[in-house]
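Novice:
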């Protein structure tokens, strides 16, 4: 990672917004893990240093990381961080790392915090379901058709099966002076500490109840509590939040409002977004900027779907407000065995909404010492261990 750290002087500047774009053939998880590892490593170095300059700069260093993933599971990310030399479990115990599962609770709604006690029937007007006979009439006909598999009378062979053992949660604990309706309750099933429970979008004809949590409020509540649980403002990493746009849970405006709400409470922000050509047809100029020699797709009136419109609008807004954009794409000549893709580094503005930067990356939240360039990379290493090599075009590799 020595070459990568020379290209990107990590960690991210405070109050900065960085965007990593990727395609289906060039995933960005390796860069996400390298970004997190270098940020946590630099934060631990600054906290352990005793000189005055490091103490003054400690407020600018990343002391904790909050990873919110809508694409990969927790085990995948922890394994990737372990390959980078970071023990996420130990750092989580120290309050320097937290993971939020954004995919496991999708469309699950809010967790049931008030379960019904076992043994108590809350429905007082229960009507027993009608029993079906062995033969039931057929609509439009007068004859009876027997139901297949219906139990019939017959001798029982062997000893009867033993009764099932009593369930411990259904056992009634009744004291001599207590009422007969006193029963034990099953302890509530606690959901994951960091799991987003996002309700599905309501139908267009149905009006949502004011007391029903919307997907935006559920996201804001969970992420705000996760940020507040960390002792220091974290580096907020959002992996594939544009998945919510494709599912129809949020619009591009709602998602960007959520990011603007979470940014002031964070040290810096890192967005991992998709920049595939089919998702960016409404903004072919941006697609040409990120993919260069790919031909522009033909445009026609009313040919854009909702997914294309929302994804392109959100990506255009994120790139416009970012202080640094790192684009990953395939080679222009096609796939190669010793090259995984091309990485292009582009410096933007100050990356702070309402900041005092001059638009050249030198204000608060801007990257200093970053040169716009384009390099090649290879994921896998010489031994296939998952290491990443970054090199220039025409550079002789060892």
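Numbering (our numbering), first residue to last: 487 to 884.
Ideal Cβ positions, reconstructed from N, Cα and C, are used throughout, including at glycine.
Check whether the Cβ atoms of residue 726 and residue 562 lie closer than 8 angstroms to each other.
Specialist: No, Cβ-Cβ distance for residue 726 and residue 562 is not below 8 angstroms.
Novice: Taking 6 angstroms as the limit between beta carbons, can you name the residues of its chain near residue 876, skipping five residues before and five after?
Specialist: 489, 490, 861, 863, listed in sequence order.
Novice: According to the Cβ coordinates, are residue 494 and residue 526 closer than 8 angstroms?
Specialist: Not in contact: residue 494 and residue 526 (Cβ atoms no closer than 8 angstroms).
Novice: Under 8 angstroms, do residue 808 and residue 508 count as touching if we go by C-beta distance?
Specialist: Against a cut-off of 8 angstroms, the Cβ pair of residue 508 and residue 808 comes out as no contact.
Novice: Which of the three DSSP states is assigned to residue 808 in this structure?
Specialist: Three-state result, residue 808: coil.
Novice: Just reading off the beta strand (DSSP E) that residue 827 is part of, what are its end residues?
Specialist: 827-833 is the extent of the beta strand (DSSP E) around residue 827.
Novice: May I have the straight-line CA-CA distance separating residue 817 from residue 826, to the nearest angstrom?
Specialist: Straight-line Cα distance between these residues: approximately 8 angstroms.
Novice: Report the rounded CA-to-CA distance for residue 582 versus residue 733, giving the unit in angstroms.
Specialist: Their backbone Cα atoms lie some 32 angstroms apart in a straight line.
Novice: Assign residue 878 to one of two classes, buried (16 or more other C-beta atoms within 10 Å of its C-beta) or exposed (fewer than that).
Specialist: Exposed, because fewer than 16 other Cβ atoms sit within 10 Å of the Cβ of residue 878.
Novice: Quick one: grab the DSSP three-state call for residue 677.
Specialist: At residue 677, the pLDDT of 39 sits below 50, so the modelled position is not reliable and the matter cannot be decided from this model.
Novice: Helix, strand or coil for residue 525? Go by DSSP, reduced to three states.
Specialist: In the structure shown, residue 525 sits in a helix (DSSP, three-state: H, G or I).
Novice: Taking the Cβ atom as the reference point for each residue, do residue 554 and residue 724 lie within a distance shorter than 8 angstroms?
Specialist: Against a cut-off of 8 angstroms, the Cβ pair of residue 724 and residue 554 comes out as a contact.
Novice: Since residue 512 is in the alpha helix (DSSP H), which residue starts that stretch and which ends it?
Specialist: Segment: none, residue 512 is in no alpha helix (DSSP H) and carries neither H nor E.
Novice: Counting only the same chain and skipping the five closest in sequence on each side, list residues whose C-beta sits under 8 angstroms from that of residue 548.
Specialist: Excluding residues within five positions, the ones whose Cβ falls inside 8 angstroms are 497, 498, 525, 526, 528, 529, 720, 721, 753, 754.
Novice: Under a three-way DSSP split, which group does residue 728 fall into?
Specialist: Note: residue 728 maps to coil in three-state DSSP.
Novice: With 16 as the cutoff for other CB atoms within 10 Å, does residue 520 come out buried or exposed?
Specialist: Classification of residue 520: buried, given that the 10 Å Cβ count is 16 or more.
Novice: Short check: CB of residue 757 to CB of residue 804, under 8 angstroms?
Specialist: Cβ distance < 8 angstroms, so residue 757 and residue 804 count as in contact.
Novice: To the nearest angstrom, how far is it from the Cα of residue 801 to the Cα of residue 559?
Specialist: Cα-Cα distance, rounded: 23 angstroms.
Novice: Less than 8 angstroms between the C-beta atoms of residue 516 and residue 812, yes or no?
Specialist: Taking 8 angstroms as the Cβ cut-off, residue 516 and residue 812 do not qualify as a contacting pair.
Novice: Where does residue 793 sit, in a helix, a strand or coil, going by DSSP?
Specialist: In this structure, residue 793 counts as helix in the three-state DSSP scheme.
Novice: Whose CA, out of 853, 761, 750, 683, lies closest to the CA of residue 735?
Specialist: Of 853, 761, 750, 683, the residue nearest in Cα terms is 683.
Novice: Comparing alpha-carbon positions, which option in 746, 731, 830, 685 lies nearest residue 710?
Specialist: The option with the nearest alpha carbon to residue 710 is 746.
Novice: Which of helix, strand or coil does DSSP assign to residue 766?
Specialist: The answer is coil: DSSP assigns residue 766 none of H, G, I, E or B.
Novice: Quick one: what's got a C-beta closer than 8 angstroms to residue 704's C-beta in the same chain, skipping five residues either side?
Specialist: The answer, listed in chain order, is 596, 682, 683, 684, 685.
Novice: Count the other CB atoms within 10 Å of the CB of residue 600; is the residue buried (16 or more) or exposed (fewer)?
Specialist: For residue 600, the pLDDT reaches just 48, beneath the cut-off of 50, and the residue's location in the model is therefore unreliable, leaving the point undetermined.
Novice: Run through the DSSP bridge pairs and tell me what residue 555 is partnered with.
Specialist: Answer is 587, 725, bridged to residue 555.
Novice: What do you get for residue 823, buried or exposed, if any count of 16 or more other CB atoms within 10 angstroms of its CB means buried?
Specialist: Burial call: exposed.
Novice: With a 10 Å radius around its C-beta and 16 neighbouring C-beta atoms as the bar for buried, classify residue 680 as buried or exposed.
Specialist: Its Cβ being crowded by 16 or more others within 10 Å, residue 680 is buried.
Novice: Does the beta-carbon distance from residue 716 to residue 552 come in below 8 angstroms?
Specialist: It is a contact, given that the beta carbons lie within the stated cut-off.
Novice: How far does the alpha helix (DSSP H) with residue 575 in it reach, from first residue to last?
Specialist: Residue 575 -> alpha helix (DSSP H) spans 574-579.
Novice: State the start and end residues of the unbroken alpha helix (DSSP H) segment that holds residue 560.
Specialist: Segment 560-569, the alpha helix (DSSP H) holding residue 560.
Novice: Check each candidate in 566, 749, 874, 833 and name the one with the smallest Cα separation from residue 858.
Specialist: Comparing Cα positions, the closest option is 833.
Novice: Going by the beta-carbon positions, is the gap between residue 731 and residue 793 smaller than 8 angstroms?
Specialist: Closer than 8 angstroms, so yes.
Novice: Could you spell out where the alpha helix (DSSP H) holding residue 738 opens and where it closes?
Specialist: Counting along the chain, the alpha helix (DSSP H) containing residue 738 begins and ends at 738-748.
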